[in-house]
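Residue 2 is where the sequence shown starts when you use our numbering, and the numbers rise one by one after that.
Glycine is no exception: its CB is placed at the ideal position from the N, C-alpha and C atoms.
Note that the structure is predicted; figures quoted are calculated from it, not measured.
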Amino acid sequence: MDHLNAHARAIDNFVRVANIIANLDVILLEAKNLSLTAKNARVVALRAGDSAFGFKPITNFIDEFSDQTIRITKSIAELSNRLFAMALAVVRCSEFRDHLLRAEAMTDKSVLGKLKFSANEQLLEKTRELESAVFELAGFFEDIQKHMRSAEYIAVTSRVEASNAGEFCDSLQSVSDFIAGAAQKIKIAVGDNLKEISQLRGAMR
């Protein structure tokens, strides 16, 4: 029964990796929207002139951390594609080992001994590769979390600066609201992925 449980865990881990990849789309989309918002805010701040002087460095900062988030997300996407292949390899190795174990019950055990040993070694190797990649992935998501904490702080600061922008106050206020909203969506997606990663790491111990 142990090998059946191991195979079920391998499939569950594969599904978790697929969920992580799906959440990346949300993170990348919101990061791109933040970058676009920074560019639009820069135009409004230029039009507002001195009344939005304090908003200009904020738009630069928004642009910087949105670009960093996009870069990190693209790195995550590349790693996740490898992770997907690794998780699939673990499932296939697990399936192969299960076939051998079933065959072993119906034939001379010595015939399948070497194959079974090889299958166990391969499964262990692929699981270790997956575990290492998952650890690296967690680091990327923790970096994005830090950027989003900065984004939330910037959203608060930008609201204060927007209130001094006269007739452009509403336009810049909407930028502040969008930053806060996008940061929240990214934080939720990252939080979901970190939960999936925690479960993945727990399942592989």
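**OP:** Answer yes if the segment 175-188 comes into contact with the segment 144-154, meaning at least three C-beta pairs across the two stretches below 8 Å, and no otherwise.
**Re:** yes
**OP:** Would you tell me roughly how many angstroms separate the C-alpha atoms of Ile-155 and Glu-162, rounded to the nearest one?
**Re:** 10 Å
Original post:
Whose CA, out of Lys-40, Ala-42, Val-44 and Ala-86, lies closest to the CA of Ala-134?
Top reply: Ala-86
**OP:** Pick helix, strand or coil for Ala-166, following the three-state DSSP scheme.
**Re:** coil
**OP:** Pull up the distance between the alpha-carbon of Asn-20 and that of Ala-183, whole angstroms please.
**Re:** 20 Å
**OP:** Within 10 angstroms of the Cβ of Asn-82, are there 16 or more other Cβ atoms? Answer buried if so, exposed if not.
**Re:** exposed
Subject >> Cβ shell of His-92 (< 7 Å), same chain only, five flanking positions each side left out >> reply: Before going on, a small fix: residue 92 reads as Val here, not His. If we look at Val-92 and ignore the five residues flanking it on each side, its Cβ neighbours are Ala-11, Ile-12 and Phe-15.
**OP:** Give a yes or no on whether the C-beta atoms belonging to Ala-49 and Phe-179 are separated by under 8 Å.
**Re:** no
Original post:
Is the segment 60-80 touching the segment 17-36 in the sense that three or more CB pairs, one from each, lie closer than 8 Å?
Top reply: yes
Subject >> Alpha-carbon spacing of Asp-51 relative to Leu-25, whole angstroms >> reply: 39 Å
Original post:
Who are the Cβ neighbours of Ala-78 in its own chain at under 6 Å, not counting the five residues just before and after it?
Top reply: Leu-25
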